[in-house]
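J.:
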């Protein structure tokens, strides 16, 4: 077997090493060549393997005759670190002497976010209470995610207090102390351990302290030396991920700078579009929304008036069915209320009769059915008529004997539905 890999990544991001394992196409090989996707094991490595929520390092492994671009690092079994990548140049052989280079910018960004995760954990415990416990995390170069136990949503004020406390600790430029101890001793000393991880006899401890201890956790991840290196931490959002579980998403360092820059510029562009200042944008948007609502109200009133005006001409299309006046027709209406209003007006004008109106509202067919009280006494039922007609439009409905509503899926069959009404009335009168 290959044996264990000596990890050097806490102290350095470059190292000389020897190739002790190569896999290509799921087979162990002695040589890999340009273009192949490969897995490579080294005797010692600066590449951090994914663990404790932190993603694996990427970078490059360079030999005298070739180079491999590394895109991920995993601990495939306890103590054995494998780098995953692609041969971008030449060849590489078992036993080759190589130089391993971790992408330093990506590593630093990830370390900032990992330290920020510890600081958020500590701040959440101070602001919300000591019941807060880590329930998972994801630490990448561009963002971080932190899951924790808490029974209710974190309020905006609480989240502001958390962010304030974290950034205050960033400005204090507190030292980050790394240490090793037995797991039992670490827990006795008050270190927090994440219950989802498996720990060996000896564990690595990460403490953030500036006189007093702010954060003290069992952690195998990579961190910055001083909190000032984190730059700034911004919480992007907080949400529920299950009963008694919350999730925070945040950014730090360069990603935080970019966010502030993007938000300022977006605000400026929006203000220019709205012909106002960034400070008055909210007021301007509210004013435009009020104007829009008023225009919509005016449009609906206008449509209602036009619909009612055109309703008079609809009376001419009424038919006699076994001595009962039946008006079944299509009208244009802005909404169901407007359709009902036209129906009420036509029913009142008829005095005695059946009114069924159809319209397409928001691309959906809708029917309103009305029966005057004298005909309800004779056994006609608006609900039965609406249901019967709605079959043609692939739907259904219901309501009271004097007024009912139905909807469907097929707007193209609305006229077919209205043509059924006379037959439904005739059927009902003869039964």
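In the working numbering, the protein residues as written are 10 to 440.
Heads up, the beta-carbon is just placed ideally off N, CA and C, and yes, glycines get one too.
If you're wondering where the values come from, they're calculated on a predicted model, not measured in any experiment.
Is the stretch 164 to 174 touching the stretch 260 to 268 in the sense that three or more CB pairs, one from each, lie closer than 8 Å?
T.: With the cut-off at 8 Å, the stretch 260 to 268 and the stretch 164 to 174 do not touch.
J.: In angstroms with no decimal places, state the Cα-to-Cα distance between residue 378 and residue 362.
T.: On the chain shown, residue 378 is found 369 positions in, with the first residue counted as 1. On the chain shown, residue 362 is found 353 positions in, with the first residue counted as 1. Roughly 11 Å separates the two Cα atoms.
J.: Check each candidate in 60, 87, 86, 51 and name the one with the smallest Cα separation from residue 70.
T.: Along the chain shown, read from residue 1 onward, the residue named residue 70 stands at position 61. Residue 70 has its Cα closest to that of 51, out of 60, 87, 86, 51.
J.: Could you pull the DSSP bridge partners for residue 84 from this structure?
T.: Walking along the chain shown from the start, residue 84 turns up at place 75. Answer is 90, bridged to residue 84.
J.: Considering residue 129, what are the terminal residues of the alpha helix (DSSP H) in which it resides?
T.: Position 120 of the chain shown holds residue 129. That run of the alpha helix (DSSP H) goes 113 to 137.
J.: Check whether the Cβ atoms of residue 312 and residue 342 lie closer than 9 Å to each other.
T.: Taking the first residue of the chain shown as position 1, residue 312 is located at position 303. Taking the first residue of the chain shown as position 1, residue 342 is located at position 333. A contact, by the Cβ cut-off of 9 Å.
J.: Anyone know if the C-beta pair for residue 196 and residue 215 falls short of 9 Å?
T.: By one-based count along the chain shown, residue 196 stands at place 187. By one-based count along the chain shown, residue 215 stands at place 206. Not in contact: residue 196 and residue 215 (Cβ atoms no closer than 9 Å).
J.: Ordered along the chain, which non-local residues of its own chain (more than five positions away) have a Cβ less than 8 Å from that of residue 100?
T.: Here residue 100 refers to the residue found at position 91 when the chain shown is read from its first residue. Here the set comprises 40, 41, 42, 43, 74, 75.
J.: Could you check what DSSP says for residue 100 in three-state terms: helix, strand or coil?
T.: The count along the chain shown starts at 1 and reaches residue 100 at position 91. Three-state result, residue 100: strand.
J.: Given residue 13, which residues of its chain have a CB within under 7 Å of its CB, disregarding the five upstream and five downstream residues?
T.: As a first step, residue 13 must be located in the chain shown, where it is residue number 4. Counting only Cβ-Cβ distances below 7 Å, and skipping sequence neighbours, we find 88, 89.
J.: At the level of alpha carbons, what is the spacing between residue 388 and residue 412?
T.: To locate residue 388, count along the chain shown from 1; it is residue 379. To locate residue 412, count along the chain shown from 1; it is residue 403. Between residue 388 and residue 412, the C-alpha separation is close to 14 Å.
J.: Could you spell out the range, first to last residue, of the alpha helix (DSSP H) harbouring residue 420?
T.: As a position in the chain shown, residue 420 is number 411, starting the count at 1. Unbroken run through residue 420: none, as it is neither H nor E.
J.: Tell me residue 168's beta-bridge partners as DSSP assigns them.
T.: Counted from its first residue, the chain shown places residue 168 at position 159. According to DSSP, residue 168 bridges with nothing at all.
J.: Count the C-beta pairs between the stretch 120 to 133 and the stretch 93 to 111 that are closer than 8 Å, then say yes if the count reaches three, no if not.
T.: At 8 Å Cβ cutoff, the stretches do not touch.
J.: Taking the C-alpha atoms as reference points, what is the distance between residue 46 and residue 91?
T.: For the purposes of this step, residue 46 is taken as the residue at position 37 of the chain shown. For the purposes of this step, residue 91 is taken as the residue at position 82 of the chain shown. Their backbone Cα atoms lie some 13 Å apart in a straight line.
J.: In three-state DSSP terms, what is residue 183?
T.: For the purposes of this step, residue 183 is taken as residue 174 along the chain shown, with counting starting at 1. Correct three-state label for residue 183: coil.
J.: So what does DSSP say about residue 410, is it helix, strand or coil?
T.: Position 401 of the chain shown holds residue 410. Of the three classes helix, strand and coil, the one that applies to residue 410 here is coil, per DSSP.
J.: Tell me, to the nearest whole angstrom, how far the beta carbon of residue 392 is from that of residue 408; I am working on the premise that it is less than 8 Å.
T.: Position 383 of the chain shown, counted from the start, is the residue given in the question as residue 392. Position 399 of the chain shown, counted from the start, is the residue given in the question as residue 408. Contact flag correct, Cβ pair sits at about 5 Å.
J.: Does DSSP classify residue 287 as helix, strand or coil?
T.: As a position in the chain shown, residue 287 is number 278, starting the count at 1. Residue 287: helix per DSSP, three-state reduction.
J.: Can you check whether the CB of residue 326 is closer than 9 Å to the CB of residue 338?
T.: Here residue 338 is taken as the residue at index 329 of the chain shown, counted from 1. Here residue 326 is taken as the residue at index 317 of the chain shown, counted from 1. Yes; because the gap between Cβ atoms is below 9 Å, this pair is in contact.
J.: With distances taken Cα to Cα, identify the nearest neighbour of residue 434 among 390, 426, 340.
T.: By one-based count along the chain shown, residue 434 stands at place 425. If we check each option's Cα against that of residue 434, 390 comes out closest.
J.: Taking the alpha-carbon positions, what's the residue 292 to residue 350 distance?
T.: Here residue 292 refers to the residue found at position 283 when the chain shown is read from its first residue. Here residue 350 refers to the residue found at position 341 when the chain shown is read from its first residue. Each residue's Cα considered, the two are about 36 Å apart.
J.: Can you list the beta strand (DSSP E) stretches of 3 or more residues lying completely in the stretch 240 to 312, in chain order?
T.: Those beta strand (DSSP E) runs which fall completely within the stretch 240 to 312 and span 3+ residues are 242 to 251, 254 to 261.
J.: Rounded to a whole number of angstroms, what is the C-alpha to C-alpha distance between residue 84 and residue 183?
T.: Numbered from 1 along the chain shown, position 75 holds the residue referred to as residue 84. Numbered from 1 along the chain shown, position 174 holds the residue referred to as residue 183. Distance between the alpha carbons of residue 84 and residue 183 is about 31 Å.
J.: Measure the beta-carbon distance from residue 112 to residue 67 and round it to whole angstroms, keeping in mind my assumption that it falls under 8 Å.
T.: For the purposes of this step, residue 112 is taken as residue 103 along the chain shown, with counting starting at 1. For the purposes of this step, residue 67 is taken as residue 58 along the chain shown, with counting starting at 1. About 5 Å; that satisfies the 8 Å criterion.
J.: So, under 8 Å CB-CB, residue 262 and residue 239 are touching, yes? Tell me the CB distance rounded to an integer number of Å.
T.: One-based indexing of the chain shown puts residue 262 at position 253. One-based indexing of the chain shown puts residue 239 at position 230. So it is a contact: roughly 6 Å between Cβ atoms.
J.: Following the continuous beta strand (DSSP E) through residue 143, name the residue where it begins and the one where it ends.
T.: As a working note, residue 143 is residue 134 in the chain shown. Where residue 143 is concerned, the enclosing beta strand (DSSP E) stretches over 143 to 148.
J.: Tell me residue 237's beta-bridge partners as DSSP assigns them.
T.: Position 228 of the chain shown, counted from the start, is the residue given in the question as residue 237. BP columns for residue 237 are empty, so no partner.
J.: Ignore the nearest five residues each way along the sequence and tell me which others in residue 57's own chain have a CB closer than 6 Å to its CB.
T.: Counted from its first residue, the chain shown places residue 57 at position 48. 18, 66, 231.
J.: Helix, strand or coil, according to DSSP, for residue 174 in the structure here?
T.: Here residue 174 refers to the residue found at position 165 when the chain shown is read from its first residue. Three-state result, residue 174: helix.
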